[in-house]
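Colleague: Residue numbers (the numbering used here): 202 to 318.
Please find one structure pasted underneath; my questions will follow.
Here it is, written out as structure tokens:
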């Protein structure tokens with residue numbers, strides 16, 4: 202019976218196909234991410250940063266003033282309790298930026314927005 206875990210029963214496969222047959226859930230999640238990104242972008246802009254909306258990601262790449270991503274990371278953490286990642290974590294192309302992910306629930310992002318204002 203080792204192989205039984207790989208043999209999904211036909212009715213379960215059919216139910217899965219029905220559950221994923223539409224893109225309503227995709228549009229709903231896309232809307233959530235858009236709202237979170239807009240909230241974060243507005244708050245980071247009011248914090249004095251230059252923020253551009255992403256072309257399709259659920260995170261923002263924010264240029265660090267003077268290109269010092271580590272200093273900006275520290276400033277956001279100590280000044281507002283906001284944790285971001287220095288872009289260098291993601292390779293040379295990310296240097297001089299911080300990455301701000303919009304993956305927390307919207308109510309938690311609103312708390313961060315209030316801290317940044």
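Cβ atoms here follow ideal geometry from the backbone N, Cα and C, with glycine treated the same way.
Run through the region 251-307 for me and flag every whole alpha helix (DSSP H) of 4 or more residues, listed as ranges in chain order.
Modeller: 270-281
Colleague: Do residue 313 and residue 268 come within 9 Å of each other at the CB atom, strictly closer than that value?
Modeller: Position 67 of the chain shown, counted from the start, is the residue given in the question as residue 268. Position 112 of the chain shown, counted from the start, is the residue given in the question as residue 313. Going by C-beta atoms, residue 268 is not nearer than 9 Å to residue 313.
Colleague: Looking at chain D, is there any beta carbon in it that lies within less than 9 Å of the beta carbon of residue 255?
Modeller: This model lacks chain D altogether, as it is built from one protein chain only.
Colleague: Between which two residues does the alpha helix (DSSP H) carrying residue 216 extend?
Modeller: By 1-based counting over the chain shown, the position of residue 216 is 15. Start and end: 211-220.
Colleague: Which term fits residue 210, buried or exposed, when burial requires 16 or more other beta carbons within 10 angstroms of its beta carbon?
Modeller: Counting from 1 along the chain shown, the entry for residue 210 is found at position 9. Exposed is the call here.
Colleague: Can the beta-carbon of residue 237 be found less than 9 Å from the beta-carbon of residue 305?
Modeller: Here residue 237 corresponds to residue number 36 of the chain shown, with the count starting at 1. Here residue 305 corresponds to residue number 104 of the chain shown, with the count starting at 1. Cβ atoms of residue 237 and residue 305: closer than 9 Å.
Colleague: In angstroms, rounded to a whole number, what distance separates the CA positions of residue 224 and residue 215?
Modeller: Indexing the chain shown from 1 puts residue 224 at position 23. Indexing the chain shown from 1 puts residue 215 at position 14. So the alpha carbons of these two residues sit roughly 17 Å apart.
Colleague: Give every residue of the same chain whose Cβ lies closer than 7 Å to the Cβ of residue 260, excluding the five residues on either side of it in the sequence, and list them in chain order.
Modeller: Taking the chain shown and counting its residues from 1, one reaches residue 260 at position 59. Around residue 260: 300, 301, 302 and 303.
Colleague: Just to confirm before moving on: does the CB-CB distance between residue 317 and residue 244 stay below 9 Å?
Modeller: What you label residue 317 is simply residue 116 of the chain shown in a count that begins at 1. What you label residue 244 is simply residue 43 of the chain shown in a count that begins at 1. Going by C-beta atoms, residue 317 is nearer than 9 Å to residue 244.
Colleague: Assign residue 232 to one of three DSSP states: helix, strand, or coil.
Modeller: Counting from 1 along the chain shown, the entry for residue 232 is found at position 31. Three-state result, residue 232: helix.
Colleague: Return the chain-ordered list of same chain residues with a C-beta closer than 7 Å to the C-beta of residue 202, the five sequence neighbours on each side being excluded.
Modeller: Taking the first residue of the chain shown as position 1, residue 202 is located at position 1. Confidence at residue 202 is low in this model, with a pLDDT of 49, below 50, so the placement of that residue should be treated as unreliable; the coordinate-derived value is given next. Counting only Cβ-Cβ distances below 7 Å, and skipping sequence neighbours, we find nothing.
Colleague: With DSSP as the reference, label residue 237 as helix, strand or coil.
Modeller: Position 36 of the chain shown, counted from the start, is the residue given in the question as residue 237. Three-state result, residue 237: helix.
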